[in-house]
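Structure first, commentary second.
2 protein chains.
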Amino acid sequence: MTQTPLSPRKPDAREKLLASALRLIRTKGYTATTVDDLCKDAGVTKGAFFHHFRSKDDLAVASARHWSQITSALFAAAPYHLPQDPLDRVLGYLDFRKDLVRGEVAEYTCHVGTMVQDVHLSAPEIRDACHDSIFGHAQTLEADMEAAANDRGITLPGGAASLALHTQAVLQGAFVLAKASGDAEIVRDSIDHLIRYIRQIYQSPHVEGGDMS
Amino acid sequence: MTQTPLSPRKPDAREKLLASALRLIRTKGYTATTVDDLCKDAGVTKGAFFHHFRSKDDLAVASARHWSQITSALFAAAPYHLPQDPLDRVLGYLDFRKDLVRGEVAEYTCHVGTMVQDVHLSAPEIRDACHDSIFGHAQTLEADMEAAANDRGITLPGGAASLALHTQAVLQGAFVLAKASGDAEIVRDSIDHLIRYIRQIYQSPHVEGGDMS
DNA sequence: ATGATAATACCGACTAGTTGGTATGTTGTA
DNA sequence: TACAACATACCAACTAGTCGGTATTATCAT
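Which chain is which? The protein sequence lines are A and B, in order.
Each residue of the first sequence is one higher than the last, beginning at 1285 in the numbering used here.
Each residue of the second sequence is one higher than the last, beginning at 1285 in the numbering used here.
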């Protein structure tokens, strides 16, 4: 009946476990999320878990890569890439990040940012997978930041890569404060500060289009 | 020597356990740090642990308050309070934070920032203790930020409290990226971005036309 | 088509070790 | 003797991971 012609197998349990991993680990943290928790949430058995993953750590690495795929697809399809001016694309990205801050804390915080705190010393493989996810995402901002600087004949303080990483630091840190206070508004406020900083760097006081309402 | 007259004895094990908690939890995370780990590191037995703390969560709350005391003493004694200009005190604080970023990741990252990610939903008491530590520290910056704004006749975008929290967000987020990459330089770079932002806020003579209320 | 063969996907009881926590001491001091 | 400050032995629940087994599907010679 429902048979995908391209993939001969349908590893249903694997996808359900990865989806549960994103939800549970973001809520409880990696160490506090047990294999049984994941199996119960995904509606599969332990046999299925260890059929698809050699260990809990193996699932963590896979979940980090899965997170990268989910998020890169989300951002690639987002409308902030449309403006001609690369600076507007950068500012559009930050507005888009603000729009994503809705609902419960676990719904808008970062899976790999949460996980890497738990395992950055004990599990280097997971840490590296988280690193690749965060830093890979930051790289997608570099080109626009660099192009906007070239358009205006300015040099970015610290370089485009440093500014791109700074945006991720602001987001990750704002998530920490949101977890401490339960208040999502803190995230939006910090992004607003970042938007002002970037506007001032490029010395572009005007606003294109109807954002920031 | 130093004997408190109010307490009949000095609870040596309690202080050793709290010191171990700061070191171990910053390294491994709260959930991954076991009671046995703490006892072994502190050189005490489990009996001593549960004599001084009702539960592991009780120690976590105590460790968050202990962290607040340690850090508030550190910052209160720091030389950045000396300048006459409150803006110089704010910038001196950020330079001081940069100087603290030395050695291993666990040596300069934030105990309560690490812990709150682990427990923000499962243990509200610990979360609140972490919240008080972070937001209380942020409050110590507010007065100088506000005074510096009044001296210059400007209005801070979002208010002094928001700017103070933003500094903490930048620091916490930079710690996350440092854990992911093992590179302390990332923290100093993000603080440099924050210093530029704050300098620009206070240097701009005009009222920012704009976004916030 | 059909049946044999083999590979994958999944099940759930089981285990060896770990977990936070307790019960019952012992020791030093006032 | 009274009490705080420990120490030792222990436990029930939980942990990641194992293992023999089954159901479903793919491959392929006939």
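Every residue, glycine too, gets a C-beta built ideally from N, C-alpha and C.
As the structure is a prediction and not an experimental result, all values here were calculated from the model.
For K1463/A, the number of other beta carbons within 10 angstroms of its own is at least 16, and it is reported as buried. Collapsing the DSSP output to three states places V1328/A in coil.
Among the residues of chain B, those whose CB is under 8 angstroms from the CB of L1447/A are H1477, following chain order. Within the same chain, no Cβ atom closer than 7 angstroms to the Cβ of F1334/A is found once the five residues on either side in sequence are excluded.
Between the alpha carbons of D1372/B and L1455/A lies a distance of about 27 angstroms. Contacts with chain B at 8 angstroms (Cβ-Cβ) do not include H1335/A. Given a length threshold of 4 residues, each whole run of the alpha helix (DSSP H) inside the segment 1401-1465 of chain B is given here in chain order: 1408-1436 and 1444-1465. Residues of chain A whose Cβ lies closer than 9 angstroms to the Cβ of V1389/B are, in chain order, H1404 and L1405. Note on A1357/A: under 16 other CB atoms within 10 angstroms of its CB, so exposed under the neighbour-count rule. Per the C-alpha coordinates, the member of F1459/B, I1482/B and L1461/B positioned closest to S1446/B is I1482/B. Contact annotation: the segment 1362-1381 of chain A touches the segment 1431-1438 of chain A, with at least three C-beta pairs closer than 8 angstroms. Inter-residue distance for T1355/A and V1385/B is about 31 angstroms (C-alpha atoms, whole angstroms). Contact between the segment 1347-1354 of chain A and the segment 1436-1444 of chain A is not established, with fewer than three Cβ pairs separated by less than 8 angstroms.
Remark: C-beta atoms of Y1314/A and D1402/A approach each other more closely than 8 angstroms. By the criterion of a C-beta distance shorter than 7 angstroms, I1410/B is surrounded in its chain by D1341, A1344, V1345, A1348, M1399 and V1403, once the five residues flanking it on both sides are discounted.
For A1297/B, the uninterrupted alpha helix (DSSP H) run begins and ends at D1296 to K1312, by DSSP. Exclusion of the five residues before and after H1395/A leaves L1306, R1310 and W1351 as the residues of its chain whose Cβ lies within less than 6 angstroms of its Cβ. Counting only Cβ-Cβ distances below 8 angstroms, Q1452/A has contacts in chain B at G1457 and L1461, in chain order. With its beta carbon at least 8 angstroms from every one in chain B, G1420/A lies outside the interface. When DSSP states are grouped into helix, strand and coil, E1388/A belongs to the coil group. Proximity of chain A to T1311/B at the Cβ level (cut-off 8 angstroms) is accounted for by L1405, in chain order. K1312/B is the residue among K1324/B, S1339/B, A1444/B and K1312/B whose C-alpha sits nearest the C-alpha of V1389/B. By the neighbour-count definition (other C-beta atoms within 10 Å, threshold 16), L1366/B is an exposed residue. Look at S1339/A here: in three-state DSSP terms it is coil, with no helix or strand label. For G1397/A, the residues of chain B that pass the 9 angstroms Cβ criterion are Q1401, G1457, V1460, L1461 and A1464, in the order they occur in the chain. Only residues of its own chain outside the window of five on either side were considered, and among them none has a CB closer than 6 angstroms to the CB of D1379/B. Of F1359/B, H1415/B, G1442/B and A1468/B, the smallest CA-CA separation from Y1377/B is found for F1359/B. Taking C-beta atoms as the reference points, H1421/A and H1477/B fail to come closer than 8 angstroms. For Q1484/A, the uninterrupted alpha helix (DSSP H) segment begins and ends at E1469 to Y1486.
Our two residues, A1468/B and G1397/A, have alpha carbons roughly 16 angstroms apart in a direct line.
When the five nearest sequence neighbours on each side are left out, the beta carbons in the same chain lying within less than 8 angstroms of the beta carbon of R1381/A are those of L1455 and I1475, in order along the chain. Counting of Cβ neighbours within 10 angstroms places Q1423/B among the exposed residues, the total staying below 16. In this structure, the straight-line span from the alpha carbon of A1303/A to that of R1480/B is close to 40 angstroms. For D1320/B, same chain residues with a beta-carbon under 8 angstroms away, outside a window of 5 residues either side, are K1330 in chain order. For I1470/B, the chain A residues whose C-beta falls within less than 8 angstroms of its own C-beta are L1449 and A1453, listed in chain order.
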